[in-house]
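Heads up, the thing below is written out as structure tokens.
Residue numbers (the working numbering), protein chains in the order written: chain A, 381 to 984; chain B, 639 to 724.
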């Protein structure tokens, strides 16, 4: 497809779309006043948005390899930034992040720093060079730079392990939201979520995913920011929460020292439903050691620069220059949500614990709290729980428990916002989880179809046949992910963090050194990928089965160990074996300058 | 020294500066998290809290745009910039 009217018209198309979506919110708000039930509003929000995404997916259908794999390399900078932001911000960012900050405070906010700082590495170390390379997938770069099927295949293995860990969490999140909004059992909701995900990506590949991700970003950012601003204003906390919540943050500190963090006995805690937590950590005080904070942030930053579903978004820009700028826009759009998460956590916590606010429940009688409508709803959904441990009839700070997800999903209701906002938030969470799941499933399916099937098994395959294989794989991987998600093995956030660790263990140094160290060769890269992945996996298993770990590296930061092993293995093995041949050296020189032809052809 | 070598040297210096700034705001300052949090910073938030919520994040955004512009200038200086119609 040539640079078309469609690209020039993008601002108008998405402007109309945004207007239409706001119109839909207003219609729903009016319908609520006229007596539409909460359940119907929830269904309408999820069904309407998913229908729009599916429509975009259908309109973007394609039969060309470069459109399917890299959206024809014509996605403008700003729009690619939005698509990357949606690709990046998963169900974990949208639904779980504010909750994590709410419960764990400073120690958890390492994730905010890590999940943004990683983009500096992406912009400076990798994205422009991989764009110049002209690859379709990340293993495509590894396979061409280092040469040989084994290197290519090792990269596919690392990519699959990391992305698959990640995608089960996203399908799980999609299923959770669909089951709450549509009121159906989780086991079925997972598959409804999966079908919605596949509708966006199957026909159009990367092109379909790109344009649905932009649409999903618009939904999710409206859904996240609107409640934050609304609650802040309603509470009188400030018109612009990000700059005006200092008093509220200080007030929470005051209340915390007034109530005190009373430790519950093990017997009492055993009566609390699984997965719920109380407030046990200070809101704004530094409650983690420097190394605990820094190691988690570092692991997330290096993981960001190794995750293939993010990297491949920068293959879709028209030029190297655009790829660099696009990373900046991605982070800007991510910043809008991430900087709001701590504000949401602050507002949510204050509305619940401040006895002087009408919404506050701490200090009220237990019977009164149990009679509140929203408490009954969220208690029935197993996301909220109160218990009178000390038998004084009043609710104390240590007697109130909530699920992490409830902070985002329930706060609008707690703060007394109309139900239409809760419906909007559900649609936003769905958009966040779907967009990430799409990016991940596509990353895996493309790697297997392009790198394993086309490059290794059947290099003579025709485009039509390649794209059929790619689509079949997409469906197979989606169903495999959904099946595992339905088993509910690991929580959403845990598996997301593991994915980062797996990716950095196996891919960070082979990718970075591929551009920045000419001496790196095939043997070294293979040793780095497989050695790093094996070491990281071993460490995770060891710590999970009761191992003590070392250097304060936990099961959430095992990638630090994995990538260190990867670096050492790669450097030693590279130096012990022959340096790369002349042709490879010339190829690296060409990658290092933006001008000139890309290394791999437009169609390959 | 060839044009390309000089270009790469400048590119590498830019990378080192960029990563140094990145290091300060993602790792360096958090070595002193507890001390820094005692002091009131922008908008009345404690400094450490502000950096984790907004400060570091915002600095990363600006840093990437600054990096992209500087790299572009280096590319143009040595004639390695892409033509618009490519």
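Note that CB positions come from ideal geometry on N, CA and C, so glycine has one too. Just so it is clear, the structure is predicted and the values come from calculations on it, not from any experiment.
Distance CB(residue i)-CB(residue j) smaller than 9 Å
{"i": "residue 373 of chain A", "j": "residue 689 of chain A", "result": "Outside the displayed span of chain A (381 to 984) sits residue 373 of chain A, for which this structure offers no information."}
{"i": "residue 622 of chain A", "j": "residue 723 of chain A", "result": "yes"}
{"i": "residue 958 of chain A", "j": "residue 520 of chain A", "result": "no"}
{"i": "residue 794 of chain A", "j": "residue 843 of chain A", "result": "no"}
{"i": "residue 808 of chain A", "j": "residue 522 of chain A", "result": "no"}
{"i": "residue 804 of chain A", "j": "residue 615 of chain A", "result": "no"}
{"i": "residue 535 of chain A", "j": "residue 884 of chain A", "result": "no"}
{"i": "residue 986 of chain A", "j": "residue 705 of chain B", "result": "No answer is possible for residue 986 of chain A: it lies beyond the span of chain A, which begins at 381 and ends at 984."}
{"i": "residue 742 of chain A", "j": "residue 775 of chain A", "result": "yes"}
{"i": "residue 822 of chain A", "j": "residue 854 of chain A", "result": "yes"}
{"i": "residue 913 of chain A", "j": "residue 874 of chain A", "result": "no"}
{"i": "residue 694 of chain A", "j": "residue 860 of chain A", "result": "no"}
{"i": "residue 408 of chain A", "j": "residue 427 of chain A", "result": "no"}
{"i": "residue 812 of chain A", "j": "residue 474 of chain A", "result": "yes"}
{"i": "residue 820 of chain A", "j": "residue 550 of chain A", "result": "yes"}
{"i": "residue 802 of chain A", "j": "residue 421 of chain A", "result": "yes"}
{"i": "residue 467 of chain A", "j": "residue 679 of chain A", "result": "no"}
{"i": "residue 915 of chain A", "j": "residue 942 of chain A", "result": "yes"}
Candidates the options, of which the one nearest residue i by Cα
{"i": "residue 777 of chain A", "options": "A:661, A:840 and A:441", "result": "A:661"}
{"i": "residue 700 of chain A", "options": "A:979, A:608, A:463 and A:680", "result": "A:979"}
{"i": "residue 552 of chain A", "options": "A:470, A:613 and A:490", "result": "A:470"}
{"i": "residue 393 of chain A", "options": "A:406, A:457, A:594 and A:802", "result": "A:594"}
{"i": "residue 389 of chain A", "options": "A:445, A:442, A:459 and A:765", "result": "A:459"}
{"i": "residue 482 of chain A", "options": "A:940, A:570, A:782 and A:695", "result": "A:782"}
{"i": "residue 965 of chain A", "options": "A:901, A:642 and A:933", "result": "A:901"}
{"i": "residue 675 of chain A", "options": "B:645, B:640, B:680 and B:669", "result": "B:669"}
{"i": "residue 796 of chain A", "options": "A:559, A:613 and A:916", "result": "A:613"}
{"i": "residue 533 of chain A", "options": "A:828, A:889, A:918 and A:975", "result": "A:828"}
{"i": "residue 692 of chain A", "options": "A:412, A:840 and A:455", "result": "A:455"}
{"i": "residue 865 of chain A", "options": "A:610, A:573 and A:387", "result": "A:573"}
{"i": "residue 564 of chain A", "options": "A:610, A:954 and A:419", "result": "A:419"}
{"i": "residue 348 of chain A", "options": "A:495, A:497, A:542 and A:496", "result": "The structure shown has nothing for residue 348 of chain A, since chain A only spans 381 to 984."}
{"i": "residue 493 of chain A", "options": "A:673, A:862, A:927 and A:792", "result": "A:673"}
{"i": "residue 391 of chain A", "options": "A:816, A:810 and A:457", "result": "A:457"}
{"i": "residue 414 of chain A", "options": "A:798, A:856, A:810 and A:839", "result": "A:798"}
{"i": "residue 485 of chain A", "options": "A:877, A:668 and A:932", "result": "A:668"}
{"i": "residue 906 of chain A", "options": "A:952, A:927, A:878 and A:921", "result": "A:952"}
{"i": "residue 977 of chain A", "options": "A:463, A:511 and A:480", "result": "A:511"}
{"i": "residue 664 of chain A", "options": "A:487, A:838 and A:442", "result": "A:487"}
{"i": "residue 442 of chain A", "options": "A:924, A:719 and A:582", "result": "A:582"}
{"i": "residue 554 of chain A", "options": "A:538, A:577 and A:540", "result": "A:577"}
{"i": "residue 548 of chain A", "options": "A:560, A:683, A:462 and A:858", "result": "A:858"}
Assumed close pair residue i, residue j - CB separation to whole angstroms, cut-off 8 Å
{"i": "residue 556 of chain A", "j": "residue 544 of chain A", "result": "19 Å between Cβ atoms; not a contact."}
{"i": "residue 683 of chain B", "j": "residue 626 of chain A", "result": "5 Å"}
{"i": "residue 628 of chain A", "j": "residue 617 of chain A", "result": "5 Å"}
{"i": "residue 773 of chain A", "j": "residue 745 of chain A", "result": "6 Å"}
{"i": "residue 685 of chain A", "j": "residue 513 of chain A", "result": "In fact, because the Cβ distance is near 16 Å, the residues do not count as touching under 8 Å."}
{"i": "residue 727 of chain A", "j": "residue 608 of chain A", "result": "7 Å"}
{"i": "residue 465 of chain A", "j": "residue 710 of chain A", "result": "6 Å"}
{"i": "residue 497 of chain A", "j": "residue 664 of chain B", "result": "4 Å"}
Within chain D, partners of residue i - CB distance below 7 Å
{"i": "residue 664 of chain B", "result": "The structure shown contains no chain D; its protein chains are A and B."}
- Residues, ordered as in the chain, of the segment 704-718 of chain A that lie near chain B by beta-carbon distance below 8 Å: 704, 705, 707, 708, 711, 712, 715 and 718
- Closer than 7 Å, Cβ to Cβ, to anything on chain A: give me those residues from the segment 696-711 of chain B, in chain order. 696, 698, 699, 701, 702, 703, 705, 706, 709 and 710
- Report yes or no: do the segment 669-682 of chain B and the segment 706-716 of chain B share at least 3 C-beta pairs separated by less than 8 Å? no
- Residues of the segment 952-972 of chain A whose Cβ lies closer than 9 Å to any Cβ of chain B, in chain order: 969 and 972
- Query: Would the segment 432-447 of chain A and the segment 583-590 of chain A be scored as touching if the rule is three or more Cβ pairs under 8 Å?
  - Reply: yes
- Message: Does the segment 938-953 of chain A come into contact with the segment 681-695 of chain B, if we say contact requires no fewer than three beta-carbon pairs (one atom in each stretch) closer than 8 Å?
- Response: no
- Item | Against chain B: residues of the segment 667-688 of chain A by CB proximity under 7 Å | 670, 673, 674, 677, 678 and 681
- Query: Relative to chain A, which residues along the segment 677-695 of chain B have a C-beta separation below 7 Å, given in chain order?
  - Reply: Answer in chain order: 681, 682, 683, 684, 686, 687, 690, 691, 692, 694 and 695.
- Short-range partners of chain B found in the segment 531-559 of chain A, where Cβ spacing is below 8 Å: So nothing in the stretch comes that close.
- Looking at C-beta atoms only, is the number of pairs between the segment 633-645 of chain A and the segment 692-706 of chain B that lie closer than 8 Å three or more? no
- Would the segment 749-767 of chain A and the segment 648-661 of chain A be scored as touching if the rule is three or more Cβ pairs under 8 Å? yes
- Message: Does the contact criterion of 3 or more C-beta pairs under 8 Å hold for the segment 492-507 of chain A versus the segment 729-746 of chain A?
- Response: Contact between the segment 492-507 of chain A and the segment 729-746 of chain A is absent, because fewer than three Cβ pairs lie under 8 Å.
- Query: For the segment 496-509 of chain A, which residues have a CB atom closer than 8 Å to at least one CB atom of chain B, in sequence order?
  - Reply: Cβ contacts with chain B come from 496, 497, 499, 500, 501, 503, 504, 505 and 508.
- Say whether the segment 929-942 of chain A touches the segment 657-669 of chain B, bearing in mind that this needs 3 or more beta-carbon pairs closer than 8 Å, one atom from each stretch. no
- Which residues, in order along the segment 614-626 of chain A, keep a beta-carbon less than 9 Å from a beta-carbon of chain B? So the list reads 622, 623, 624, 625 and 626, given in the order they occur along the chain.
- Message: Please identify, using Cβ separations under 8 Å, the residues of the segment 649-666 of chain A that lie next to chain B, in order along the chain.
- Response: Within the segment 649-666 of chain A, the qualifying residues are 664, 665 and 666.
- Residues of the segment 645-664 of chain B whose Cβ lies closer than 9 Å to any Cβ of chain A, in chain order: 645, 646, 649, 650, 652, 653, 656, 657, 659, 660, 663 and 664
- Message: Any C-beta of chain B within less than 7 Å: which residues of the segment 628-645 of chain A qualify?
- Response: Taking 7 Å as the Cβ-Cβ cut-off against chain B, the residues of the segment 628-645 of chain A that qualify are 629.
- Interfacial residues, the segment 788-801 of chain A to chain B, with Cβ spacing under 9 Å: none
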